């Protein structure tokens, strides 16, 4: 995981792995209800948390995944951008197989101020009673 903060440019958080990658046709659904490789339903809570954090911070998520499809010998990289809700592919990429998640938040100073956080994250009365 890597991160960089520049108050003028914003905050960039990058998380990567070197797993098998995520097929491009699944990328747009990663941040909603979970659908696995076998089309099994699940809670998908990680994607929903990342999506909500991005939404609260006024950010953008770019998910890049490189796989080697069963019908091909060369890797294919699919890139999904939540801001434009679009996916595009790059054939024969120079990136290793795996997944890279990038979260970008502009206006870092506003994002991390306590007043800003309180205004965007309501405190549940149930949480206060524990």
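Residue numbers (our numbering): 29 to 158. Ideal placement from N, C-alpha and C gives every residue a C-beta, glycine not left out. Here the structure is a predicted model, which is why all the values come from computation and not from measurement.
- Could you tell me the distance, in whole angstroms, from the CA atom of residue 42 to the CA atom of residue 96? Translated into the one-based positions of the chain shown, residue 42 becomes position 14. Translated into the one-based positions of the chain shown, residue 96 becomes position 68. Going from the Cα of residue 42 to the Cα of residue 96 covers about 22 Å.
- Message: Our contact map puts residue 108 next to residue 55 with C-beta atoms below 8 Å; I'd like the distance itself, whole angstroms only.
- Response: Numbered from its first residue, the chain shown carries residue 108 at position 80. Numbered from its first residue, the chain shown carries residue 55 at position 27. That belief holds up - the Cβ atoms of residue 108 and residue 55 are roughly 4 Å apart, short of 8 Å.
- In this structure, does DSSP put residue 76 in helix, strand or coil? By 1-based counting over the chain shown, the position of residue 76 is 48. Residue 76: helix per DSSP, three-state reduction.
- Length of the line joining the Cα atoms of residue 94 and residue 47: Within the chain shown, residue 94 is the residue found at index 66, counting from 1. Within the chain shown, residue 47 is the residue found at index 19, counting from 1. Looking at the two C-alpha atoms, the distance is approximately 9 Å.
- Task: Starting from residue 133, follow its DSSP beta bridges and name the residues at the other end.
- Result: Within the chain shown, the letter at position 105 stands for residue 133. Partner(s): 39.
- Label residue 52 either buried or exposed according to how many other C-beta atoms from any shown protein chain fall within 10 Å of its C-beta, with 16 as the threshold for buried. In the chain shown, the residue the question calls residue 52 occupies position 24. Buried.
- Query: Apart from the five residues just before and just after residue 82, which ones in its own chain have a Cβ nearer than 8 Å to its Cβ?
  - Reply: For this step, residue 82 is matched to residue 54 along the chain shown. Within the same chain, residue 82 has close Cβ partners 88, 89, 110, 131 and 133.
- Message: Less than 8 Å between C-beta atoms, sequence neighbours within five positions excluded: which residues of the same chain meet that for residue 114?
- Response: Residue mapping note: residue 114 aligns to position 86 of the chain shown, counting from 1. Same-chain partners within the cutoff: 108.
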